[in-house]
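Take a look at the structure set out below.
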Amino acid sequence: MPKKRKTIGLALGGGAARGLVHIGVLKVLHKHKIYPDYIAGTSMGAIIGAAYAANRSPDELHEIASTVDWKKMVDFTVPKSGIIKGDAIEKGFQKLVKLKSFKELVIPLHVVAYNVTKKQKVIFSKGDVAKALRASSSIPGIFSPALINGNEYIDGVVVDPTPFDVVREMGADIIIAVDLYNKDKRGKAVAPKKGSLMQELREKFLIVELLNLKNLLFPERWPKLLRRFLQWIFDKVLYPAKVLRILAKKELPPITRVMYDSFNIVVNSYAKERMKNGDIDIKLRPEFRNLRWADFDKVDQFVRLGEKTMEVQMRKLKRKLR
């Protein structure tokens, strides 16, 4: 009787531009003619995983990531619960996954998000893939929560940064988990520069509105620790002069960089603890060094890093597959 083939599950973690290393991981697996049977992803991991499950090759994903205009994927605003609305990026997701539903994907996919309304982890495996990706990648305080059937959703890394347990439950025998949260460093906030008298008057005029905005950005129903921490960061770095500049021209607001760095600090220790105690066969820990979460212009570097990290583990993976 022939030996049953062991199935492979790929757990792809979140981490914004750092998630582009997943493309390199997939490239190496393909080079060795090894193909995942199941994929679970959070945030950027869900995005790359969904595109691959929609039958896009690793080379095609590399090309898309290298040519996409990331600025067009972002629609800045001053809404009720995030600096970026997220409508434009959802349209980008629709194109990326070829308007497919979960049942139309060529590889089983589970997408992790956090249901703010019900305060619980959610795993999307049915329906509209693009909507699930929008939910899974809604970074608190930066993107407005995704609204699906009356429920609000935020980034899945809040509850499951690298969903290895999810892909195990899908039926995988061998788990490959890509951890994007190792060796993360705390960034320093930049102090505001003092401006003219008119600028200071305009800043004072905005203070009351900013106080209201802070409460709207981080509503009571959010996880208490996350809400308090992000409100503290908001007080430290979001001052009226920055808001005036954001409204005057379409650019990446400095607050988004600080918010995401701070968000990573909250998630980082939790992610490390889960990875340390997790039932994982192959742990991939790319050494990012100076590559940061917002470096979407360094696609090739991220992809090469993913390739290098996977190649180091190939011998071990092949032994486990015997």
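Using the numbering used here, read the sequence shown as starting at 290 and increasing by one per residue.
Virtual Cβ for every residue (Gly too), placed ideally from N, Cα, C.
For residue i, three-class secondary structure by DSSP
i, result
"G308", "helix"
"I465", "strand"
"G334", "helix"
"P481", "No answer about P481 holds up, because its pLDDT of 39 lies below 50 and its placement is not dependable."
"H399", "strand"
"F391", "helix"
"I323", "coil"
"Y341", "helix"
"A530", "In this predicted model, A530 has a pLDDT of only 48, less than 50, meaning its place in the structure is not dependable; the value taken from the coordinates is given anyway. Three-state result, A530: helix."
"D454", "helix"
"D376", "helix"
"I569", "coil"
"E349", "helix"
"L385", "helix"
"L615", "Past the boundaries of the shown model lies residue 615; the chain is included only from 290 to 611, so the question cannot be answered."
"F365", "For F365, the predicted model reports a pLDDT of 46, less than 50, meaning its position is unreliable; a value from the coordinates is still stated below. Strand."
"A329", "strand"
"E600", "helix"
"L580", "coil"
"D589", "helix"
Distance CB(residue i)-CB(residue j) smaller than 8 Å
i, j, result
"M459", "A343", "no"
"G302", "Y470", "yes"
"Y324", "L318", "yes"
"G298", "A402", "no"
"S332", "G308", "yes"
"I437", "A419", "no"
"V446", "A300", "no"
"A306", "A583", "yes"
"G334", "V448", "no"
"I463", "K605", "no"
"A377", "V588", "no"
"I337", "L422", "no"
"D568", "I465", "no"
"P434", "V411", "no"
"Q602", "L580", "no"
"G416", "F391", "yes"
Residue i classed as buried or exposed, judged by whether at least 16 other C-beta atoms fall within 10 angstroms
i, result
"K477", "Only weak support is given to the placement of K477: the predicted model assigns it a pLDDT of 39, under 50, and the question is left unresolved by the model."
"T598", "buried"
"H321", "exposed"
"E596", "buried"
"K513", "exposed"
"K389", "buried"
"D444", "buried"
"G304", "buried"
"G381", "buried"
(message) Any contact between the region 306-325 and the region 590-607? By contact I mean 3 or more CB pairs, one from each, below 8 Å.
(response) yes
(request) Count the CB pairs spanning the region 420-430 and the region 449-465 that are closer than 8 Å, and state whether there are at least three. (result) no
(request) Scan the region 403-427 and note each continuous beta strand (DSSP E) run of 3 residues or more that stays entirely inside, going in chain order. (result) Entirely contained in the region 403-427, the beta strand (DSSP E) runs reaching 3 residues are, in chain order, 409-413.
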